[in-house]
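The number in the numbering used here is simply the position in the sequence shown, starting from 1, with 325 added.
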Amino acid sequence: MMPARPVSNNTLCLLQGGFGPLCAVILILLCVVLACGCITPSSGQNSLPGNASTLAVPLSLPASLELPDSTPCPLMSGSGNVSNVPIITIDPVANHAAGDWITFTGTTNMAAGENLSLTVMSSNFQPCAKTETPPSYDSVNPCSGGVAATVAVSPGRCGANMWSWTVDTSQHGFQPGSQYLLIVTGRRDQVENTTLFTLVDLLKS
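Given below as structure tokens:
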């Protein structure tokens, strides 16, 4: 029987758990190969399709989830107004048929809770004849004082507060084909704005 060939220490490094020079070289080469990407993972269940480094998660939000505008409001005065000069705006009033409910709207830099005085009257104002009833503030007849109301300013944003007033044109003597004047005043008539609107010759269906 031939004597067994002695096994070198380098060959026994893996069997005996040692780390001889040959084992160290093999481990270094294996690490270099893996780092360079020469060995790719198998297409098993745990593998990801494509190159994982190219995957990206979209960061944009749907339009319905967009964050509100963070633009700061202009510097307000102590009373909550953008400026110390009171301003009242009136949104455009579309033509309506007689009998419609009309909602007048607008904005103001007056503080929320302040009162506005609103009046609708005929743009064709005429003095009342001696035989006619004295002017009334519940009628828009040409010689009457018009329909009036007081409304409170509602909170808005950045000092642009809001106001609104709804009028039933089936009441108060409104006539189709007539033009009317809306007057909005505030702070004891220190600020005022006006606009015209028309009731067309069509009855509400």
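Backbone N, C-alpha and C define an ideal beta-carbon position, used for all residues, glycine too.
All values derive from a computational prediction rather than experimental measurement.
Alpha-carbon spacing of Thr414 relative to Val509, whole angstroms: Position 89 of the sequence shown holds residue 414. Position 184 of the sequence shown holds residue 509. Going from the Cα of Thr414 to the Cα of Val509 covers about 9 Å.
Of the residues Asp416, Asp514, Val465, the one placed nearest Gly431, counting alpha carbons only: Mapped onto the sequence shown, residue 431 falls at position 106. Closest by alpha carbon: Asp416.
Trp569 burial status per 10 Å Cβ neighbour count (16 or more: buried): Because the chain in this structure spans residues 326 to 530, residue 569 falls outside the shown range and cannot be described.
Beta-carbon proximity list for Ser479, same chain, < 8 Å, skipping 5 on both sides: Looking up residue 479 in the sequence shown gives position 154. Ala437, Asn486, Met487, Trp488, Ser489.
Cβ separation of Leu521 and Val445, assumed to be a contact under 8 Å, to the nearest whole Å: Numbered from 1 along the sequence shown, position 196 holds the residue referred to as residue 521. Numbered from 1 along the sequence shown, position 120 holds the residue referred to as residue 445. No, Leu521 and Val445 are not in contact; Cβ-Cβ is about 11 Å, not under 8 Å.
Simplified DSSP state of Ile353, which is helix, strand or coil: On the sequence shown, residue 353 is found 28 positions in, with the first residue counted as 1. In the structure shown, Ile353 sits in a helix (DSSP, three-state: H, G or I).
Inter-residue spacing [alpha-carbon to alpha-carbon] between Asp493 and Asp425: Taking the sequence shown and counting its residues from 1, one reaches residue 493 at position 168. Taking the sequence shown and counting its residues from 1, one reaches residue 425 at position 100. Roughly 6 Å between the two C-alpha positions.
Buried or exposed by the 16-neighbour rule on C-beta atoms within 10 Å, applied to Val465: For this step, residue 465 is matched to residue 140 along the sequence shown. Under this definition Val465 is a buried residue.
For Gly511 and Tyr505, the rounded distance between their alpha carbons: For the purposes of this step, residue 505 is identified with residue 180 of the sequence shown, where counting begins at 1. For the purposes of this step, residue 511 is identified with residue 186 of the sequence shown, where counting begins at 1. Taking the straight line joining both Cα atoms gives about 20 Å.
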